[in-house]
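Residue 211 in my numbering sits at position 83 of the sequence shown, with consecutive numbering throughout. One structure is given below, encoded as structure tokens.
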Amino acid sequence: MKKFISLFAALCPLLPLSLGAQEEAQTSKINKKNLVIKEWNSGPKGTDKSLDHVTTFSPEGRKIEEIEYNSDGQKWRKRFEHDAAGRVSIEYTYDNRNRLFSYKKFEYNEFGRKKVQYTYNPKGKLIGIKHYEYIAQDSGR
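Here's what the structure looks like:
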């Protein structure tokens with residue numbers, strides 16, 4: 129019992145430090161509500177700046193759009209719809225002329241991870257199915 133008390137007394141001063149680290153980690157996490165992230169390319173001297181990628185988040189903090197650019201302008205654009213749980217339910221991909229190129233619908237497993245992805249052409253014809261498999265490696269060796 130004395131060993132337990134002395135161990136507890138030795139660790140008590142460290143408790144506020146660990147709580148402070150947890151608090152700091154939580155506050156440093158970026159708030160994605162209404163966030164727009166712009167990625168820029170430039171030359172080695174910081175000149176010739178050009179827009180490369182834009183990601184837009186909703187008021188709820190969900191990714192709703194991504195646009196990739198090249199020297200000619202928009203390369204592609206993706207728009208995302210979400211289900212009631214906040215997961216991406218449909219992903220629309222548009223070409224450089226902003227025409228629908230394809231769209232994907234997702235199913236999720238009981239843990240909220242992607243289970244199946246269905247890819248369709250612009251006319252709604254199914255063109256591909258992707259199945260996701262999750263395998264946990266035993267790290268206790």
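Where a beta carbon is used, it is the ideal one built from N, C-alpha and C, also for glycine. Computed from a predicted structure; not experimentally measured.
{"Item": "Could you tell me how far apart the beta carbons of Val257 and Tyr246 are, in whole angstroms, since I believe they sit closer than 8 Å?", "Value": "What sits at residue 257 in the sequence shown is Ile, not Val. That pair is a contact at about 6 Å."}
{"Item": "Skipping 5 residues on each side, what residues in its chain have a beta carbon closer than 6 Å to that of Pro250?", "Value": "Leu228"}
{"Item": "Take Pro187 as the anchor and find which of Gly171, Leu163, Gly201 and Glu196 has the nearest alpha-carbon.", "Value": "Leu163"}
{"Item": "Using three-state DSSP, classify Lys242 as helix, strand or coil.", "Value": "strand"}
{"Item": "Pick from Arg190, Thr175, Glu196 and Gly252: whose alpha carbon is nearest that of Ile158?", "Value": "Arg190"}
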